[in-house]
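Trainee:
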Amino acid sequence: MIYFDNSATTAIHPSVLDTYVKTSQRILGNPSSLHQLGSQATRLITQSRQQIAENLGVDAEEIYFTSGGTEGDNWVIKGTAMEKKEFGNHIIISAIEHSAVSKAAEQLTKFGFAVSILPVDKKGHAKVSELKKLIRKETILVSVMAVNNEIGSVQPIKEIGDVLKNYPTIHFHVDAVQALGKIPTEMYVTDRVDFATFSSHKFHGPKGTGFIYWRKGRRLAPLLNGGGQEGNKRSGTENVPGIVAMAKAVRLHVTDQELKNRREANIKQYLIDSLSQYDKVTLFSEDSDVFAPHILCFGLKGIKGEVLVHAFEKKDIIISTTSACSSKSKVAGGTLHGMGIPDDIAITAVRVSLTAESSMVEAEQFMIVFKQLQEQFSKIND
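Right, here's the structure in full:
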């Protein structure tokens, strides 16, 4: 099987799985317990927090553990709303955010909050020039993802941060779920980014774990109340095996990052060059430094994305429509809508997403199968 759906989820790294299993077997205690077993679990969490912080170049006290990207996004958006509601009720998100961000913001409109949409250009990059026009005195949060999960466009986080330097009371959140190990960390963890959210299963870690980078000095209301874990900011018994395994996954994923990214970029370039030979193919992604190296989105004219996905699956090749989290929806992806792509074109979109373990041999086999499928569909349509 060829697995080209790594933006949906990645295979857990064998050594990360080994760490998860061994920690599950050996670490019995609840970290909140006062006895030795509890202290042992606490030490592992502390070590994991430090390890993640070192790999991001931040302080350990700026790392908070979550169950994944969706919880992290909801926590930042709703936590900001609760914390700063006395100062304002206006939120800005980009037109191409993941549904974990857009739907969390949408829910807040039912409680008196206003949401403005920062538009993107035809290539899926946020229009920084429009941001200042949207900011009001009531604005409390701007949320823009680092790497788009559907087409791979890298967002101008530094430039947005430069604008927001003039508005120090506004929180700046970056959904970095697709960014870790794919673009330089300094592009999305900067001195002007207040919160960045991450999900372990996107970088060969276990599912159900994640973390937030939370810049010192910023305040956020808890989303989960209870036992007061994570410095009384995120209650709930910690997932010790998941946290320990995730820390290892972070370290492994960012090791030799440039080499891994070049490998992914070479495969992506081959696919782009090959697909460009077909008149009926529309490319929504590019091979450039403003696109991540691991995501390629394209469409085949007249063929719905879900049809192409299933056709590839029958050939033992796994790809997806756009976002896996909304792939069962019958409408086109939100990113392509935000870019102004017409529905009849957007609905053809499929996503190929790579990892460092992807190979050129797999890419060549993908193109052999694509050629066969394209010929079959052409005969049917003719």
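Under the UniProt record's numbering, think of the first position of the sequence shown as 1, with each following residue one higher.
Don't be surprised by glycine CBs; every beta carbon is placed ideally from N, CA and C.
1) In whole angstroms, what is the alpha-carbon distance linking Lys330 and Asp344?
2) Per DSSP, what are the beta-bridge partners of residue 447 in this structure?
3) If you measure between the beta carbons of Val142 and Ile92, is that distance less than 8 Å?
4) State yes or no: is the C-beta of Ile77 within less than 8 Å of the C-beta of Thr335?
5) Given Asp162, which residues of its chain have a CB within under 8 Å of its CB, disregarding the five upstream and five downstream residues?
6) With distance defined between alpha-carbon atoms, name the residue in Val101, Leu44 and Thr321 nearest to Gly29.
7) Can you list, in chain order, the residues of its chain whose CB lies under 7 Å from that of Asn6, leaving out five sequence neighbours each side?
8) Would Ile63 and Tyr188 qualify as a contact pair, given that the criterion is a beta-carbon distance under 8 Å?
9) Mind checking Phe284: buried by the 16 CB within 10 Å criterion, or exposed?
10) In this structure, how does DSSP classify Ala114 when only helix, strand and coil are distinguished?
11) Since I believe Val254 is in contact with Asn55 (beta carbons under 8 Å), could you give me their beta-carbon distance rounded to a whole number of angstroms?
12) Could you check what DSSP says for Leu354 in three-state terms: helix, strand or coil?
13) So for Ser15, helix, strand or coil by DSSP?
14) Confirm, please, whether the CB-CB distance from Leu164 to Ile170 is below 8 Å.
15) Along the chain, where does the alpha helix (DSSP H) that runs through Leu44 open and close?
16) I think Ala196 touches Tyr270, with their Cβ atoms under 8 Å apart; what is that distance to the nearest whole Å?
Mentor: Reading off the structure:
1) Caution is warranted here: a pLDDT of 43 is assigned to Lys330, below 50, making its placement in the model unreliable, and the coordinate value is therefore given only provisionally. If I take the Cα positions, the gap works out to 12 Å.
2) Residue 447 lies beyond the residue range present for the chain, which begins at 1 and ends at 382; the question has no answer from this structure.
3) yes
4) no
5) Arg192
6) Leu44
7) His294, Ser353, Leu354 and Thr355
8) no
9) buried
10) strand
11) 5 Å
12) coil
13) helix
14) yes
15) Gln36 to Leu56
16) About 31 Å; that fails the 8 Å criterion.
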